[in-house]
Amino acid sequence: MTSDTSDDLPDATLEEHFAAIDSPDFSIRVEAVRALERDGISERVFERLVQCFDDPDTAVGEEAAAVLARSGGLNGLRAVMVELANDDDNLGYFIRDRLIEMWVGGYPLDHRLGEVLSAEPSDAVREGVLEMYSVMGKRL
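Take the sequence shown: its position 97, counting from 1, is numbered 589 in the working numbering, and each next residue is one higher.
Structure (structure tokens):
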């Protein structure tokens, strides 16, 4: 990547996307997270997206959660539920809102949450799923 603009990210390499996640500009970091979804969710990408939950700007963590929920399979949604359960700042609020937007838009969140809970009924996953079900007006 020759310049630090989000227009460069679609054609960038995986390493350039990883580097862009460390940009001082949060909008570049958000676009880099989106670009990682286009690259496919390898284990290395998965780990980097989970690290984005600790980004100082909640928009980056929120986008990482959406990418993991959409494209990270059951492990991706599991990681998002664990983050919701362990959230000690306001990132969880933004993640919940984004997941609800996805659900309203047709993403089968209620079904996927059930799959995640069946696959790994840990306390953290259960707590995250219960939180989402509560917001969705559903029960276990």
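C-beta atoms are modelled at their ideal positions from N, C-alpha and C, and glycine is treated no differently. Treat the numbers as computed from the prediction; the structure is a model and nothing was measured.
Check your understanding: Going by C-alpha distance, which of Val552, Pro600, Ser563 is nearest glycine 532?
Key -> Ser563
Review point. Can you round the beta-carbon distance between leucine 576 and threonine 550 to whole angstroms, since I take them to be within the 8 angstroms contact cut?
Key: No, leucine 576 and threonine 550 are not in contact; Cβ-Cβ is about 13 angstroms, not under 8 angstroms.
Practice item. Would you tell me roughly how many angstroms separate the C-alpha atoms of asparagine 567 and methionine 594, rounded to the nearest one? Key: 18 angstroms
Review point. Phenylalanine 586 to aspartate 547, Cα distance in whole Å?
Key: 13 angstroms
Exercise for review: Specify the secondary structure class of arginine 570 as computed by DSSP and reduced to three states.
Suggested key: helix
Check your understanding: Quick one: is valine 617 near chain B, going by C-beta distance under 8 angstroms?
Key -> Of the protein chains in the structure, only one exists, and it is not chain B.
Point to revise | For arginine 590, the nearest candidate out of Ser626, Gly553, Phe518 (CA to CA) | key: Gly553
Review point. Is the distance from the Cβ of arginine 618 to the Cβ of leucine 605 below 8 angstroms?
Key: no
Review point. Alpha carbon to alpha carbon, how far is threonine 600 from alanine 504?
Key: A quick correction: the sequence has proline, not threonine, at residue 600. Straight-line Cα distance between these residues: approximately 31 angstroms.
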